[in-house]
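A.B. asks: Encoded as structure tokens, here's the structure I'll be asking about.
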Amino acid sequence: MNFAVIGHPIRHSLSPVMHHANFKALGRNDEYSALDIDPKHFHHIKEVIAQKNIDGFNVTIPFKVDIMAYCDEIDIAAKMIGAVNTVHIKNGNWIGYNTDGLGYLSSIDHILNENMNILILGAGGASRAISYTMMQNHRVTVANRTLKRIETWPFKVNGVTYDKLNDLSVYDLVINTTPVGMTGFDEMSLIRCHDLKKSCVVSDIIYTPEKTAFLKEAESNNLKIINGLGMFVMQGAKSFELWTGLKADSLAMSEAVQTTLKGRNKC
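Numbered according to the numbering used here, the sequence shown terminates at residue 259, and the numbering increases by one at each position without gaps.
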């Protein structure tokens, strides 16, 4: 079978490395390529995919919303999230899904308890996917600079501006979905990790660098931290399972990504 990821730019995508590691672990001869699609020519996406005999593909920046117009069916979760990152081509029909939220959930299931109190920082696409998924079984608060974007979401979630965040000690899990704390972003963390309770877990959806400034601050306050590598791997694993109906080897996928990142860091 042939799979791909589409985006622009796409040259540094680790998806091919990750998926080929999974194919090898499962003894499959599938192919997975990275397709850089010029946004000016995106309206030809159906022809491009057909010419390459693609059976399913992932979608990354900047096409997660645009691709929805080309899908014949869209999963209810993807509709609520407002973005598609996985397309399964079945009998010629394009079925759109979003595995970001489920990928994140799977990556942290080892620390989850029932009905946790969760704070999500930021209100972009990743926040929307994670919020929708997590609120099915937990209490979710989304913090952002303004409430304007949150109020446009098709599902209701407790929104608050950063200046109205009062008692941080009530949260069991804090998830940063903003670029604040990444290399190149010199802003201070959006919240004071010192104000979180000692049992709180602090998570960032970024996996490169391995520890953002936000995670380093949390770690300096003796809090458990989780970066975004697991989310990246598990969203890919979920995609493979949608395409094939088979369980992915997420361990092999994770090891391949980590090995590649270590190699890049040495350059």
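Each residue gets a CB set at the ideal place from its N, CA and C atoms; glycine is no exception.
Would you identify the three-state DSSP class for Trp86, choosing helix, strand or coil?
C.D. replies: The residue labelled residue 86 in the question sits at position 94 within the sequence shown. Reduced to three states, the DSSP call for Trp86 is strand.
A.B. asks: Do Ile66 and Met72 have their CB atoms nearer than 8 Å?
C.D. replies: The sequence position of residue 66 within the sequence shown is 74, counting from 1. The sequence position of residue 72 within the sequence shown is 80, counting from 1. In this structure, Met72 does not lie closer than 8 Å to Ile66 by Cβ.
A.B. asks: Which residues does DSSP list as the beta-bridge partners of Arg216?
C.D. replies: For the purposes of this step, residue 216 is taken as residue 224 along the sequence shown, with counting starting at 1. Note that residue 216 is Lys in the sequence shown here, rather than Arg. According to DSSP, Lys216 bridges with Val193.
A.B. asks: Among Asp164, Thr200, Ser7, which one has its Cα closest to the Cα of Cys185?
C.D. replies: As a first step, residue 185 must be located in the sequence shown, where it is residue number 193. Checked all of Asp164, Thr200, Ser7; the closest Cα to Cys185 is Asp164.
A.B. asks: Per DSSP, which residues does Arg131 bridge with? Please list them.
C.D. replies: The residue labelled residue 131 in the question sits at position 139 within the sequence shown. Partner(s): Asn109.
A.B. asks: Answer yes or no: do His4 and Pro54 have a C-beta to C-beta separation smaller than 8 Å?
C.D. replies: The residue you call residue 4 lines up with position 12 of the sequence shown. The residue you call residue 54 lines up with position 62 of the sequence shown. It is not a contact, given that the beta carbons lie outside the stated cut-off.
A.B. asks: What is the DSSP secondary structure of Tyr24, counted as helix, strand or coil?
C.D. replies: Within the sequence shown, numbered from 1, the residue matching residue 24 stands at position 32. In the structure shown, Tyr24 sits in a strand (DSSP, three-state: E or B).
A.B. asks: What residues in its chain sit with their C-beta under 7 Å from that of Arg120, if we drop five residues either side in the sequence?
C.D. replies: Here residue 120 refers to the residue found at position 128 of the sequence shown. Cβ neighbours of Arg120 beyond the five flanking positions: Ile73, Gly74, Trp145.
A.B. asks: Say whether the stretch 230 to 250 touches the stretch 79 to 92, bearing in mind that this needs 3 or more beta-carbon pairs closer than 8 Å, one atom from each stretch.
C.D. replies: They touch, by the three-pair rule.
A.B. asks: Quick one: grab the DSSP three-state call for Asn158.
C.D. replies: As a first step, residue 158 is located in the sequence shown; it is residue number 166 there, counting from the start. In this structure, Asn158 counts as coil in the three-state DSSP scheme.
A.B. asks: In three-state terms, what does DSSP make of Ala75?
C.D. replies: In the sequence shown, residue 75 corresponds to position 83, counting from 1. Looking at Ala75 - three-state DSSP - the assignment turns out to be coil, as it is neither helix nor strand.
A.B. asks: From what residue to what residue does the beta strand (DSSP E) around Val225 run?
C.D. replies: What you label residue 225 is simply residue 233 of the sequence shown in a count that begins at 1. Element bounds for Val225: not the beta strand (DSSP E) but the alpha helix (DSSP H), 221 to 236.
A.B. asks: Please report the residue range of the beta strand (DSSP E) in which Ala(-4) lies.
C.D. replies: Here residue -4 corresponds to residue number 4 of the sequence shown, with the count starting at 1. Counting along the chain, the beta strand (DSSP E) containing Ala(-4) begins and ends at -6 to -1.
A.B. asks: Whole angstroms is fine: what's the gap from Val9's alpha carbon to Asp159's?
C.D. replies: In the sequence shown, counting from the first residue as 1, residue 9 sits at position 17. In the sequence shown, counting from the first residue as 1, residue 159 sits at position 167. Cα-Cα distance, rounded: 43 Å.
A.B. asks: Can you tell me where the beta strand (DSSP E) holding Asn50 begins and where it ends?
C.D. replies: Residue numbering aside, residue 50 sits at position 58 when the sequence shown is read from its first letter. That run of the beta strand (DSSP E) goes 48 to 51.
A.B. asks: For Val57, does the count of other Cβ atoms within 10 angstroms reach 16, so buried, or fall short, so exposed?
C.D. replies: Residue 57 sits at position 65 when you count from the first residue of the sequence shown. So Val57 counts as exposed.
A.B. asks: Would you report the Cα separation of Ile81 and Ala13, rounded to the nearest angstrom?
C.D. replies: Counting from one through the sequence shown, the residue named residue 81 turns up at place 89. Counting from one through the sequence shown, the residue named residue 13 turns up at place 21. The straight-line gap from Cα to Cα measures roughly 22 Å.
A.B. asks: What does the alpha-carbon distance come out to for the pair Ser98 and Ser246?
C.D. replies: Within the sequence shown, the letter at position 106 stands for residue 98. Within the sequence shown, the letter at position 254 stands for residue 246. Spanning the two alpha carbons is a distance of roughly 13 Å.
A.B. asks: Is the beta carbon of Asn214 less than 8 Å from the beta carbon of Lys190?
C.D. replies: Counted from its first residue, the sequence shown places residue 214 at position 222. Counted from its first residue, the sequence shown places residue 190 at position 198. Yes, they are a contact pair.
A.B. asks: Is it buried or exposed, Thr125, if we count other Cβ atoms within 10 angstroms and call 16 or more buried?
C.D. replies: On the sequence shown, residue 125 is found 133 positions in, with the first residue counted as 1. Flag for Thr125 reads buried.
A.B. asks: Going straight from the alpha carbon of Ile41 to that of Asp187, what length do you get?
C.D. replies: In the sequence shown, the residue the question calls residue 41 occupies position 49. In the sequence shown, the residue the question calls residue 187 occupies position 195. Taking the straight line joining both Cα atoms gives about 50 Å.
A.B. asks: Leaving aside the five residues before and after Glu143 along the sequence, list all residues of the same chain whose C-beta is less than 8 Å from its C-beta, in chain order.
C.D. replies: The sequence position of residue 143 within the sequence shown is 151, counting from 1. Result list for Glu143: Gly151, in chain order.
A.B. asks: Please report the distance separating the alpha-carbon of Met108 from that of His36.
C.D. replies: On the sequence shown, residue 108 is found 116 positions in, with the first residue counted as 1. On the sequence shown, residue 36 is found 44 positions in, with the first residue counted as 1. Roughly 44 Å between the two C-alpha positions.
A.B. asks: Keeping to the same chain, check which residues put their C-beta closer than 7 Å to that of Lys239; ignore five residues upstream and five downstream.
C.D. replies: Residue mapping note: residue 239 aligns to position 247 of the sequence shown, counting from 1. Hits under 7 Å: Glu233.
A.B. asks: Relative to the C-alpha of Arg17, which candidate in Ala248, Ile198, Gly220, Thr133 has its C-alpha closest?
C.D. replies: Translated into positions along the sequence shown, residue 17 becomes position 25. Correcting the residue identity first, residue 17 is Ala in this sequence and not Arg. When only C-alpha atoms are compared, the closest one is Ala248.
A.B. asks: What does the Cβ neighbour count give for Thr153, buried or exposed, with the cut at 16 atoms within 10 Å?
C.D. replies: Walking along the sequence shown from the start, residue 153 turns up at place 161. Flag for Thr153 reads exposed.
A.B. asks: Can you find the residues in the same chain that come closer than 7 Å, C-beta to C-beta, to Met226, ignoring five residues on each side of it along the sequence?
C.D. replies: On the sequence shown, residue 226 is found 234 positions in, with the first residue counted as 1. Once the five neighbours on either side are set aside, the close Cβ partners of Met226 are Gly95, Ser98, Ser99, Ser242.
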